[in-house]
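Only one structure is covered here, and it is reproduced in the block below.
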């Protein structure tokens, strides 16, 4: 059966790669992306610019499958014109991939909630509306969540875990939890919903290329400037880095198989890295002095200035991280489909850092 | 005093990746130079290290323009001199 995908967040870091894989997929006859912008022409060129960042895998004729529609998930009917909506109904959208979100640990509620929560609600309402128009064909909604919905949970967080009395470290975590709550409500109402929770999304597996220098990249930046001699951190804090191309590939592989009787997928690389090792690798490559990692309970407030505290505060929960994400079920399915996660080793981290230097994000000493 | 301004401009320019020529006395750090809160804090910490001064939390919000930052560093340096 030929399918038609509708994608939000297609100009985003992960969304652009998901769009790439959908365009390459034989299963999809058409891929429509919703892009924000003042005019159709600018939306089109913005989308092409983002796809160009990863064009090495895209044959030129693939663009025939791509259609760019101007819209905004913050608006009713996701900002689409009546003509655009009619065309989506006519072309029988089969899958909606919702990857639009703001991912930033430093922003307040008012800057994150509208996009991450209201935008998600708008997308699900719109998908429900489309579904009714397209009946009897069922629309599947693929919601891109994050492992960050686990908040401050300690210990193992399973694929079927959700509310475990966790508290949230920042507005981003809370907003993604609330967005997943919306996805679950529609699932309960009978909609075909799949939820994917990627771990820490990092640069491309082969060359470290990224279009997003937030989250894990921000500590790399302040470490490279030697702004801290000591930080409140547990050296055994462990992370799963999922290179953006591999995360997108995994999501598209899982989403294409209509037989998988499973709703929730942890997009988690089993190759883990401790904070101590990560800082050591960064320090080796960028040649900065490694900050001493002191457990939070032993860390003295007076060791840092007010500005240093304010700078490091959003990252402290992640420097003292003890959640583990069980992805055994998802990784078993991916293995069966010949998908392999890359090893997160010095070579990969060096590629990430090489790109950071090349793009001017950090300077090598 | 010109060298103090130049030193601060260099720090801002290298962290926030903006051209030194764009930084004027009355430039607002956020609005005119496009520096987000994360980079602004990095700049402040780098300034603290460079000039061996320390800011109080209450002072962080009052640094709106480049001139505010320069005056803040100047005052802190004078205070340090007076104490020693």
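Residue numbers (the numbering used here), protein chains in the order written: chain A, 357 to 721; chain B, 177 to 260. Even glycine gets a Cβ: it sits at the ideal position worked out from N, Cα and C.
Report yes or no: is there a C-beta of chain B within less than 7 Å of the C-beta of residue 526 (chain A)?
Translated into the one-based positions of the first chain, residue 526 (chain A) becomes position 170. Output row for residue 526 (chain A): interface = no.
Evaluate residue 382 (chain A) with the Cβ neighbour count: other Cβ atoms within 10 Å of its Cβ, from every protein chain shown; 16 or more gives buried, anything less gives exposed.
Taking the first chain and counting its residues from 1, the one referred to as residue 382 (chain A) is at position 26. Residue 382 (chain A) is exposed by the Cβ-count criterion.
Suppose the cutoff is 7 Å on Cβ atoms and the five residues either side in sequence are ignored; what does the same chain contact list for residue 192 (chain B) look like?
Working through the second chain from its first residue, we reach residue 192 (chain B) at position 16. So the list reads 209, 211, 215, 219, once near-sequence residues are dropped.
Of all the beta strand (DSSP E) runs that stay within the bounds of the stretch 565 to 607 of chain A, which reach a length of 3 or more residues?
Complete beta strand (DSSP E) runs here, min 3: 586 to 588, 594 to 599.
May I have the straight-line CA-CA distance separating residue 702 (chain A) from residue 437 (chain A), to the nearest angstrom?
Position 346 of the first chain, counted from the first residue, corresponds to residue 702 (chain A). Position 81 of the first chain, counted from the first residue, corresponds to residue 437 (chain A). Their Cα atoms are separated by approximately 49 Å.
Using a C-beta cutoff of 7 Å, does residue 232 (chain B) count as contacting chain A?
One-based indexing of the second chain puts residue 232 (chain B) at position 56. So yes, residue 232 (chain B) belongs to the interface.
Between A:686, A:477, A:392, A:359, which has its C-alpha nearest residue 606 (chain A)'s C-alpha?
The sequence position of residue 606 (chain A) within the first chain is 250, counting from 1. That would be A:686, whose Cα lies nearest to the Cα of residue 606 (chain A).
Using the three-state DSSP reduction, which class does residue 408 (chain A) fall into: helix, strand or coil?
Translated into positions along the first chain, residue 408 (chain A) becomes position 52. Residue 408 (chain A): helix per DSSP, three-state reduction.
Measure the alpha-carbon distance for residue 527 (chain A) versus residue 257 (chain B) and round it to whole angstroms.
Along the first chain, one-based indexing puts residue 527 (chain A) at 171. Along the second chain, one-based indexing puts residue 257 (chain B) at 81. Cα to Cα, residue 527 (chain A) sits roughly 42 Å from residue 257 (chain B).
Flag residue 585 (chain A) as yes if its beta-carbon sits less than 7 Å from any beta-carbon of chain B, otherwise no.
Translated into positions along the first chain, residue 585 (chain A) becomes position 229. Output row for residue 585 (chain A): interface = no.
Using three-state DSSP, classify residue 563 (chain A) as helix, strand or coil.
The count along the first chain starts at 1 and reaches residue 563 (chain A) at position 207. Three-state result, residue 563 (chain A): coil.
Spatial neighbours of residue 621 (chain A) within its chain, please: CB distance less than 6 Å, with the 5 preceding and 5 following residues excluded, ordered by chain position.
On the first chain, position 265 is the one that residue 621 (chain A) refers to. Counting only Cβ-Cβ distances below 6 Å, and skipping sequence neighbours, we find 552, 610, 686.
Measure from the alpha carbon of residue 573 (chain A) to the alpha carbon of each residue in A:490, A:459, A:684, A:587, then state which is nearest.
The residue you call residue 573 (chain A) lines up with position 217 of the first chain. The shortest C-alpha separation from residue 573 (chain A) is found at A:459.
Quick check: is the beta carbon of residue 563 (chain A) nearer than 7 Å to any beta carbon in chain B?
Numbered from its first residue, the first chain carries residue 563 (chain A) at position 207. No, no contact with chain B.
Who are residue 505 (chain A)'s beta bridge partners in DSSP?
Residue mapping note: residue 505 (chain A) aligns to position 149 of the first chain, counting from 1. Note: residue 505 (chain A) sits in no beta bridge, so no partner.
Where does residue 515 (chain A) sit, in a helix, a strand or coil, going by DSSP?
Here residue 515 (chain A) refers to the residue found at position 159 of the first chain. Here residue 515 (chain A) sits in coil by DSSP.
Have a look at B:194, B:228, B:195 and flag the residue whose alpha-carbon is nearest the alpha-carbon of residue 254 (chain B).
In the second chain, the residue the question calls residue 254 (chain B) occupies position 78. The shortest C-alpha separation from residue 254 (chain B) is found at B:228.
Can you tell me the Cα-Cα spacing of residue 548 (chain A) and residue 361 (chain A), whole angstroms?
Residue 548 (chain A) sits at position 192 when you count from the first residue of the first chain. Residue 361 (chain A) sits at position 5 when you count from the first residue of the first chain. The straight-line gap from Cα to Cα measures roughly 14 Å.
Could you give the DSSP three-state label for residue 693 (chain A): helix, strand or coil?
Taking the first chain and counting its residues from 1, one reaches residue 693 (chain A) at position 337. Of the three classes helix, strand and coil, the one that applies to residue 693 (chain A) here is coil, per DSSP.
Threshold first: 3 residues or longer. Then list the beta strand (DSSP E) segments lying entirely within the stretch 645 to 699 of chain A, N to C.
List check, beta strand (DSSP E) in window: 648 to 650, 679 to 681.
Report the three-state DSSP secondary structure of residue 385 (chain A) (helix, strand or coil).
Against the first chain, residue 385 (chain A) aligns to sequence position 29. Of the three classes helix, strand and coil, the one that applies to residue 385 (chain A) here is strand, per DSSP.
Counting only Cβ pairs nearer than 8 Å, list the residues of chain A close to residue 195 (chain B).
Here residue 195 (chain B) refers to the residue found at position 19 when the second chain is read from its first residue. The premise fails here: residue 195 (chain B) is roughly 13 Å from chain A at the closest Cβ pair, so nothing lies under 8 Å.
Once you ignore the five residues that flank residue 368 (chain A) on each side, which residues in its own chain have a CB closer than 7 Å to its CB?
As a position in the first chain, residue 368 (chain A) is number 12, starting the count at 1. 455, 456.
On the DSSP bridge assignment, give the partners of residue 621 (chain A) in chain order.
Translated into the one-based positions of the first chain, residue 621 (chain A) becomes position 265. In the DSSP output, where bridge partners are listed per residue, residue 621 (chain A) has A:552.
Identify the contact partners of residue 666 (chain A) in chain B, using a Cβ-Cβ distance below 8 Å as the criterion.
Taking the first chain and counting its residues from 1, the one referred to as residue 666 (chain A) is at position 310. Neighbours of residue 666 (chain A) on chain B, chain order: 217, 233, 236.
Which same chain residues, not among the five before or five after residue 588 (chain A), have their C-beta less than 8 Å away from its C-beta?
Against the first chain, residue 588 (chain A) aligns to sequence position 232. Result list for residue 588 (chain A): 650, 651, 652, 655, 668, 672, 675, 676, in chain order.
For residue 394 (chain A), which option in A:435, A:640, A:518 has the closest C-alpha, if you only look at C-alpha atoms?
Here the question's residue 394 (chain A) lines up with position 38 in the first chain. Of the listed residues, the one whose Cα sits closest to residue 394 (chain A) is A:435.
With DSSP as the reference, label residue 249 (chain B) as helix, strand or coil.
Here residue 249 (chain B) corresponds to residue number 73 of the second chain, with the count starting at 1. Helix at residue 249 (chain B).
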